Structure formats: structure tokens, C-alpha cells
Amino acid sequence: DEGAWFGFEQEYFFYKDGRPLGFPESGYPAPQGPYYTGVGYKNVGDIARTIVEEHLDLCLAAGINHEGINAEVAKGQWEFQIFGKGSKKAADQMWMARYLLLRLTEKYGIDIEFHCKPLGDTDWNGSGMHCNFSTAYMREVGGKAYFEALMAQFDKNLMDHIAVYGPDNDKRLTGKHETAPWNKFSYGVADRGASIRVPHSFVKNDYKGYLEDRRPNSQGDPYQIASQVLKTISQVSTDAVSAAA
């Protein structure tokens, strides 16, 4: 499936001594806000950026298509992005990128927490692995009728997707902290609170391009996630949509 392109956004927490990096021994640091894409010691500390940049270099040296890094919404939370042409290639690269991160942090005395909601029911974001996807048809033909048929199929297959989008996702997909409720499908242009975020570029390009499924979580199996996305896409007949249009 070389025509199927996937970009995974892997979020995670750095942990030290059983708590997120930068958290005090008791209580919490300052509320969320300045940490996202943050700079400066008070926001990102003195070791996290060293690790994420070394991880980037390791991935590139291994032939992994590492696309970028950023500090995330919660303190001690980071993200890296992996892109691959072909679902298996993208999933292979994500699997190895996780492994390299775990190996790397051993020498720093840091743990990686992949749980999707490690801080529980608090006012701190959970971790996802947003899945950006497109097929050759989506990029080259697309169209509003096909897009609407595709979204209807994603809605119909809601529980099939949730079943493989990672454990404990009901704790993360609450409708808060830039998530949609786990049991309700939605989509919207540039909407971080929707199940599927539709980029402005997609709409402006006559509904052609990629879409972002924001429901997969940080512990999700990229092979199962990509497989389910492609299964749902395959259930939408391009011939029927073209005829209706």
C-alpha cells in the first residue's frame, strides 16, 4: 500500500523518581499554558531537549523518517513525529523510534511513560498518537462527496476504531483537553476537539489531501491503527461516490 501515507505524532512523558520530569515532590507545577513548544529552563528543564535532539539524530542515523519534535502541553510531556509511505513502513519506523527512545533514556536515568493519562482525572493533558493519513485517491481526486462518505463510514465504524486505538482511551477521550468523547464521532476544520481534524489546506484544495484522526493514544499499536484506518477507507466505494457526484 505504497499509496497510503501515514504520519504518527507520538506523545509521551519523561518520568524521574516516579513523577513527570519537572514536577515537585508533592503537588503540581504551574498550570498548563507555557509548556507547549516551550523554551527556557522553567518550562522544559535542563535535560529534556538534549534527549529529544539526540533521539532525533539516532532515528535519522537508523534510516527512520523522523519529522520533528516539540514540547507538549503538560510539563514533562514531549512529542516526536514519524512519516512513512505505506502503512507497514510507517508502523515499523514508529516501533523502532519508541525502542530507540527507551534505550537512549537509560543512560540519563529517565523513564518514558507512554500511558495515555498518567496523571489521571486532573487538569493535565493526556498523551495521544494522532494519526495523519491519506491515500492516492484522497490526494489526487478527493472531493466533498467522497469526504462526506468517508466520514460517514468512520462514524459507522466508531467502536471498531476505538477497540484498537490504545488501552484506557476512555480516560483520555473525555471531551476535555483537546479531545473528543470516545463514544461520539465528530469532525471539524482545524478542530482539535474533534475525532478527526480537517486541515484548512484540505478544504481549500477541493477536499483533497490528508486528514488527522486524533483518537489513537500514546500506547496504541501503529500496525493495528493503520490497518483499521485502511479498512474503513476500503469500505467507501470511489465509483459510487463519483457516480453520485
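In this text, residue positions in the sequence shown follow our numbering: the first is 191, and each later residue adds one.
Every residue, glycine too, gets a C-beta built ideally from N, C-alpha and C.
None of the values given here were measured: they were computed from a predicted structure.
Excluding sequence positions up to five away, which residues of its chain have a Cβ less than 7 angstroms from the Cβ of Pro357? Only residues of its own chain outside the window of five on either side were considered, and among them Gln409 have a CB closer than 7 angstroms to the CB of Pro357, listed in chain order.
Restricting to Cα atoms, I'd like to know which of Phe198, Cys306, Tyr298 is closest to Gly258. Considering only alpha carbons, the answer is Phe198.
Contact set for Glu184: own chain, Cβ-Cβ below 6 angstroms, skip 5 residues either direction: The chain is shown from 191 up to 435; residue 184 falls before or after that span and cannot be answered.
Determine the extent of the alpha helix (DSSP H) in which Asn322 is found, giving its start and end residues. Where Asn322 is concerned, there is no enclosing alpha helix (DSSP H), although the beta strand (DSSP E) around it starts and stops at 319-324.
For Trp285, collect the residues of the same chain with a Cβ closer than 7 angstroms to its Cβ; drop the 5 residues on either side in sequence, then sort them by chain order. Here the set comprises Pro412.
Minimum length 3: unbroken beta strand (DSSP E) runs contained in the stretch 351-418: DSSP runs (the beta strand (DSSP E)) wholly in the stretch 351-418: 377-379, 386-388, 401-403.
With 16 as the cutoff for other CB atoms within 10 Å, does Asp134 come out buried or exposed? Because the chain is modelled from 191 through 435, residue 134 falls outside the range shown and cannot be assessed.
When the Cα atoms are used, what is the spatial distance from Asn427 to Phe375? According to the sequence provided, residue 427 is Ser. The question's Asn does not apply to it. Cα-Cα distance, rounded: 21 angstroms.
Can you name, in chain order, every residue of its own chain whose Cβ lies under 6 angstroms from the Cβ of Phe392, other than the five neighbours on each side? Here the set comprises Gly399.
Under three-state DSSP, which class holds Tyr226? Coil.
Residues bridged to Arg209 by DSSP? The partner list for Arg209 (beta bridge, DSSP) reads Lys206.
Give me the Cα-Cα distance between Leu290 and Ala220, rounded to the nearest whole angstrom. Those two C-alpha atoms are separated by around 31 angstroms.
Quick check on Gln267: does DSSP put it in helix, strand or coil? Three-state result, Gln267: strand.
Rounded to the nearest angstrom, what separates Leu294 and Ala335 at their Cα positions? Here the alpha carbons of Ala335 and Leu294 stand approximately 47 angstroms from one another.
Touch check for the stretch 262-272 and the stretch 207-222: three-plus C-beta pairs under 8 angstroms? Pairwise C-beta distances place the stretch 262-272 in contact with the stretch 207-222, as three or more of them are shorter than 8 angstroms.
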